[in-house]
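Asks: Can you keep this structure in mind? I'll have questions shortly.
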Amino acid sequence: MSKPSIPQGTRDFSPAEVRKRQYIFNTLQAIFEQYGFQPLETPAMENLTTLIGKYGEEGDRLIFKILNNGLHEKKDADKEKLNEEWATMLSKPYNTPKVTERALRYDLTIPFARYVVMHQHELAFPFRRYQMQPVWRADRPQKGRYREFWQCDADVVGSTSLINEAELLCIYRRAFHDLNLPQVVVKINSRKLLAGLAEVCNASEQMMDITIALDKLDKIGWDGVTGELKQRGINDTGIAKIAEIINVTGTNEEKLSALEQIMSTSAVALEGIKELRDTLAYHDTLKDGNWSSELMVDISLARGLNYYTGVIVEVVCNAVKMGSIGGGGRYDDLTGLFGLKNMSGVGVSFGIDRIYDVIEELNLFPEEVASGKQTLILNFGGEDERYALNILQQLRNAGVSAEIYPDSVKFDKQMKYANKRNVTYVIIVGEEERKANKLSLKNFVTGEQELLSIEEAINIIQG
RNA sequence: GAGGCUAUAGCUCAGUUGGUUAGAGCGUCGGUUUGUGGUUCCGAAGGUCGUGGGUUCGAGACCCAUUAGCCUCCCCA
């Protein structure tokens with residue numbers, strides 16, 4: 003018999019872990035609701051054609067495909083055909099409906115776009131939705147990277163106002179403030195600035211090449227980026243221009259002014275700069291001065307997903323070595339992929355598994371989150387058990403989370419169970435308590451114990 | 001897709017240049033204690049050393065293959 007295991011890159015969540023995860027979910031949900039977003043859920047699987055081609059070549063490779071199970075090829079010719087399809091399937095990341103026509107969801111944005119198109123006539127636009135569900139990627143797992151992980155997304159579709167961008171920035175900053183995450187930087191940039199950058203380098207066609215190289219600035223440094231740019235065929239004047247641009251420093255407004263000068267010949271760059279200015283101005287009005295995170299214009303921020311067209315954002319926590327914990331941006335024509343034109347959207351995503359890892363690593367989960375507040379009634383059997391059950395029922399009616407040890411086993415064993423369960427209170431009701439119509443309430447944290455009436459005990463537990 | 005590391009008890013790991021019966025800590029169970037846990041003390045159970053082959057008088061250790069996990073690059077949350 004082989005030892006049981008779970009698929010690579012997936013995890014079980016213990017009771018304490020689930021509580022801690024729920025703490026994050028609940029924090030985010032409260033904020034989404036407060037900002038007027040509505041909940042949405044979509045299926046774990048989508049038609050493969052919905053997903054293919056939306057995440058770039060690399061993304062297509064990482065989609066988990068679901069094998070068709072109703073294969074009843076009876077004729078030899080059909081079996082032959084299936085074999086051919088298999089060969090294609092294994093060599094290319096393309097759809098071969100005979101073998102697979104469904105796939106696990108890769109992110110929450112594309113399914114959302116699909117939903118909006120399908121339900122366009124019932125929705126009130128601008129439509130604001132949040133969604134918290136698992137997604138799957140056939141990636142190679144490593145630190146902070148899983149094959150099954152959860153995303154929490156908030157998107158607004160059907161409005162081009164930059165108020166939306168500003169609100170989403172506020173949601174980010176509010177969330178990381180509420181979660182007490184230190185050293186959070188929300189980086190903001192615009193695809194239009196990147197397009198402008200390519201334009202002033204006389205390499206408009208190579209915007210992706212430039213941004214991909216530039217995105218690695220943090221990791222490989224300027225020398226590395228120069229190498230990449232040369233390799234991708236950017237000439238020296240272009241590289242000099244890029245050097246000039248990434249050397250821009252100062253406050254956000256100082257950066258934007260400098261970029262305005264450098265890229266003054268590019269209409270699209272100027273448009274991007276204006277959008278960033280307006281977004282920042284809206285954000286300034288909406289923000290809360292207590293938020294500790296930093297909002298930083300970063301021209302080197304690229305982001306891979308190729309459907310972004312306007313403002314893009316990414317969140318990192320500099321207190322730990324970890325990839326980004328959130329990202330998002332404006333996509334002008336996401337629903338156009340499914341036939342609905344002129345429907346601009348903008349959204350952000352929280353990578354809650356990474357956020358969990360960061361909070362855990364920094365030991366920032368509030369203490370009471372992991373255990374919950376629970377009361378255990380010990381069981382002495384017979385008359386005492388009947389009396390105990392009666393108390394249990396009264397506790398629950400009063401809204402107290404309580405359980406009784408179901409078996410009348412040795413006192414010591416029940417106490418050890420209580421300890422392992424990390425309960426906050428233990429209630430002891432033996433002959434003595436029963437005859438006095440009282441109970442002994444033991445605070446399991448302090449070890450203090452007193453003889454009380456049921457009402458008194460409830461008051462203390464709820465206090 | 002490229003590269004590196006690891007695999008020994010339920011968990012975390014020791015195990016010397018290859019040499020008798022493979023160890024520790026934690027955990028589990030039992031006792032100390034059948035109305036007081038988390039602390040002490042005593043005891044017990046638990047391993048064909050990932051799998052297959054090879055070298056050797058002899059392999060947990062060395063070699064080859066294989067599988068799984070972890071990590072880095074790529075890319076991403």
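When we follow the working numbering, the leftmost residue of the first sequence carries the number 3, and every step to the right adds one.
Just so it is clear, CB atoms sit at the ideal spot from N, CA and C, and this is done for glycine as well.
Could you tell me whether the stretch 351-369 touches the stretch 144-154, using the rule of 3 or more Cβ pairs below 8 Å?
Replies: The answer is yes - the stretch 144-154 touches the stretch 351-369, with three or more Cβ pairs under 8 Å.
Asks: With a threshold of 16 other CB atoms inside 10 Å of the CB of L199, please say whether the residue is buried or exposed.
Replies: For this step, residue 199 is matched to residue 197 along the first sequence. Looking at its Cβ environment, which holds 16 or more other Cβ atoms inside 10 Å, L199 is buried.
Asks: If you draw a straight line from the alpha carbon of G160 to that of R332, how long is it in whole angstroms?
Replies: Position 158 of the first sequence, counted from the start, is the residue given in the question as residue 160. Position 330 of the first sequence, counted from the start, is the residue given in the question as residue 332. Each residue's Cα considered, the two are about 11 Å apart.
Asks: Quick check on P113: buried or exposed, where buried means 16 or more other Cβ atoms within 10 Å of its Cβ?
Replies: In the first sequence, the residue the question calls residue 113 occupies position 111. It counts as buried.
Asks: Ignore the nearest five residues each way along the sequence and tell me which others in I456's own chain have a CB closer than 7 Å to its CB.
Replies: Residue mapping note: residue 456 aligns to position 454 of the first sequence, counting from 1. Excluding sequence neighbours, I456 sits near I393, Q396 and L441.
Asks: Tell me, please, whether the stretch 315-330 touches the stretch 263-270 by the rule of three or more beta-carbon pairs shorter than 8 Å.
Replies: Result no; under three Cβ-Cβ pairs closer than 8 Å.
Asks: Could you tell me the boundaries of the alpha helix (DSSP H) in which D157 lies?
Replies: For the purposes of this step, residue 157 is identified with residue 155 of the first sequence, where counting begins at 1. Not the alpha helix (DSSP H): D157 falls in the beta strand (DSSP E), residues E150 to V159.
Asks: Can you grab the Cα-Cα spacing for the pair L219 / R305, in whole Å?
Replies: Position 217 of the first sequence holds residue 219. Position 303 of the first sequence holds residue 305. Approximately 13 Å between the Cα atoms of the pair.
Asks: Residues in the same chain with beta-carbon distance under 8 Å from G401, minus the five sequence neighbours each way, listed in chain order, please.
Replies: Along the first sequence, one-based indexing puts residue 401 at 399. The answer, listed in chain order, is Q464.
Asks: How about I275 and E262: are their beta carbons less than 8 Å apart?
Replies: Indexing the first sequence from 1 puts residue 275 at position 273. Indexing the first sequence from 1 puts residue 262 at position 260. For I275 and E262, yes; Cβs fall inside 8 Å.
Asks: Give every residue of the same chain whose Cβ lies closer than 7 Å to the Cβ of A46, excluding the five residues on either side of it in the sequence, and list them in chain order.
Replies: Numbered from 1 along the first sequence, position 44 holds the residue referred to as residue 46. Once the five neighbours on either side are set aside, the close Cβ partners of A46 are L106 and R107.
Asks: Ends of the alpha helix (DSSP H) at F114?
Replies: In the first sequence, the residue the question calls residue 114 occupies position 112. Note, F114: alpha helix (DSSP H), T111 to M120.
Asks: So within the stretch 152-225, which uninterrupted beta strand (DSSP E) runs reach at least 3 residues, ignoring any that extend past its ends?
Replies: Correct list: 186-192.
Asks: Thinking just about the alpha-carbon of each residue, which of Q416, L110, E86 and N28 is nearest to the one in P99?
Replies: Reading the first sequence from its first residue, position 97 is the one you call residue 99. Among Q416, L110, E86 and N28, the Cα nearest to that of P99 belongs to E86.
Asks: Given a threshold of 16 other Cβ atoms within 10 Å of its Cβ, counted over all protein chains shown, does D386 qualify as buried or as exposed?
Replies: In the first sequence, counting from the first residue as 1, residue 386 sits at position 384. By the neighbour-count rule (16 or more Cβ atoms within 10 Å), D386 is buried.
Asks: Give a yes or no on whether the C-beta atoms belonging to N70 and V101 are separated by under 8 Å.
Replies: Taking the first sequence and counting its residues from 1, the one referred to as residue 70 is at position 68. Taking the first sequence and counting its residues from 1, the one referred to as residue 101 is at position 99. Result yes, Cβ atoms of N70 and V101 sit closer than 8 Å.
Asks: Output the boundary residues of the beta strand (DSSP E) element that contains F352.
Replies: To locate residue 352, count along the first sequence from 1; it is residue 350. Unbroken beta strand (DSSP E) run through F352: G347 to G353.
Asks: Whole angstroms is fine: what's the gap from M3's alpha carbon to D14's?
Replies: The sequence position of residue 3 within the first sequence is 1, counting from 1. The sequence position of residue 14 within the first sequence is 12, counting from 1. Any answer about M3 is weak, because its pLDDT of 41 lies below 50 and its placement is not dependable; what the coordinates show is given next. Answer to the nearest angstrom: the Cα atoms are 21 Å apart.
Asks: Please return the same chain residues whose Cβ sits closer than 6 Å to the Cβ of P17, not counting the five positions on each side in sequence.
Replies: Residue mapping note: residue 17 aligns to position 15 of the first sequence, counting from 1. Answer for P17: no residue qualifies.
Asks: Below 8 Å CB to CB, which residues in the same chain sit around I8 once its five sequence neighbours on both sides are set aside?
Replies: In the first sequence, counting from the first residue as 1, residue 8 sits at position 6. Hits under 8 Å: D14.
Asks: For P1, name the three-state secondary structure that DSSP assigns.
Replies: The question about residue 1 has no answer, for the chain in this structure spans 3 to 465.
Asks: Please report the residue range of the alpha helix (DSSP H) in which S259 lies.
Replies: Counting from one through the first sequence, the residue named residue 259 turns up at place 257. First-last of the alpha helix (DSSP H) with S259: N254 to I264.
Asks: Closer than 8 Å by C-beta to T281: which residues in its own chain qualify, once you throw out the five before and the five after it? Chain order, please.
Replies: One-based indexing of the first sequence puts residue 281 at position 279. L164, E167, A168, L171, I190 and V313, listed in sequence order.
Asks: Between the alpha carbons of V20 and N424, how many angstroms are there, rounded?
Replies: Residue 20 sits at position 18 when you count from the first residue of the first sequence. Residue 424 sits at position 422 when you count from the first residue of the first sequence. Roughly 16 Å separates the two Cα atoms.
Asks: Which stretch, first to last residue, makes up the alpha helix (DSSP H) that contains K276?
Replies: Sequence index remark: in the first sequence, residue 276 carries index 274 (1-based). Residues A269 to L288.
Asks: Tell me which residues share the same chain as L303 and place their Cβ nearer than 6 Å to its Cβ, disregarding the 5 neighbours each side in the sequence.
Replies: In the first sequence, residue 303 corresponds to position 301, counting from 1. Once the five neighbours on either side are set aside, the close Cβ partners of L303 are K189, N191 and E316.
Asks: Under the assumption that I44 contacts Y117 (Cβ atoms under 8 Å), give the Cβ distance between them as a whole number of angstroms.
Replies: For the purposes of this step, residue 44 is taken as the residue at position 42 of the first sequence. For the purposes of this step, residue 117 is taken as the residue at position 115 of the first sequence. Here residue 44 is Thr; the residue named in the question, Ile, does not match the sequence. Their Cβ separation, rounded to whole angstroms, is 6 Å, which keeps T44 and Y117 in contact under 8 Å.
Asks: Let's test the definition: count the other Cβ atoms within 10 Å of the Cβ of Q416 and tell me whether it reaches 16, buried, or not, exposed.
Replies: Mapped onto the first sequence, residue 416 falls at position 414. Burial call: buried.
Asks: What residue ranges within the stretch 335-392 form continuous beta strand (DSSP E) runs of no fewer than 3 residues, ordered along the chain?
Replies: Fully enclosed beta strand (DSSP E) runs of 3 or longer: 347-353 and 377-379.
Asks: Which first and last residues belong to the beta strand (DSSP E) in which I462 is found?
Replies: The residue given as residue 462 occupies position 460 in the first sequence. Unbroken run through I462 is the alpha helix (DSSP H), I456 to Q464; no beta strand (DSSP E).
Asks: Starting from Y333, trace the beta strand (DSSP E) both ways and give me its first and last residue.
Replies: By one-based count along the first sequence, residue 333 stands at place 331. It spans G328 to Y333 - the beta strand (DSSP E) in which Y333 sits, taken as one unbroken run.
Asks: Give every residue of the same chain whose Cβ lies closer than 8 Å to the Cβ of T12, excluding the five residues on either side of it in the sequence, and list them in chain order.
Replies: Against the first sequence, residue 12 aligns to sequence position 10. Closer than 8 Å at Cβ, skipping near neighbours: Y148, R149 and E150.
Asks: Would you report the Cα separation of G349 and N249, rounded to the nearest angstrom?
Replies: For the purposes of this step, residue 349 is taken as the residue at position 347 of the first sequence. For the purposes of this step, residue 249 is taken as the residue at position 247 of the first sequence. The straight-line gap from Cα to Cα measures roughly 29 Å.
Asks: If you count every other CB in all the chains shown that lies within 10 Å of the CB of H285, and 16 or more means buried, which is it?
Replies: Here residue 285 refers to the residue found at position 283 when the first sequence is read from its first residue. Its Cβ being crowded by 16 or more others within 10 Å, H285 is buried.
Asks: Where does the unbroken alpha helix (DSSP H) through Y419 begin, and where does it stop?
Replies: Mapped onto the first sequence, residue 419 falls at position 417. Per DSSP, Y419 belongs to the alpha helix (DSSP H) from F413 to R423.
Asks: Give me the Cα-Cα distance between A390 and I327, rounded to the nearest whole angstrom.
Replies: The count along the first sequence starts at 1 and reaches residue 390 at position 388. The count along the first sequence starts at 1 and reaches residue 327 at position 325. If I take the Cα positions, the gap works out to 48 Å.
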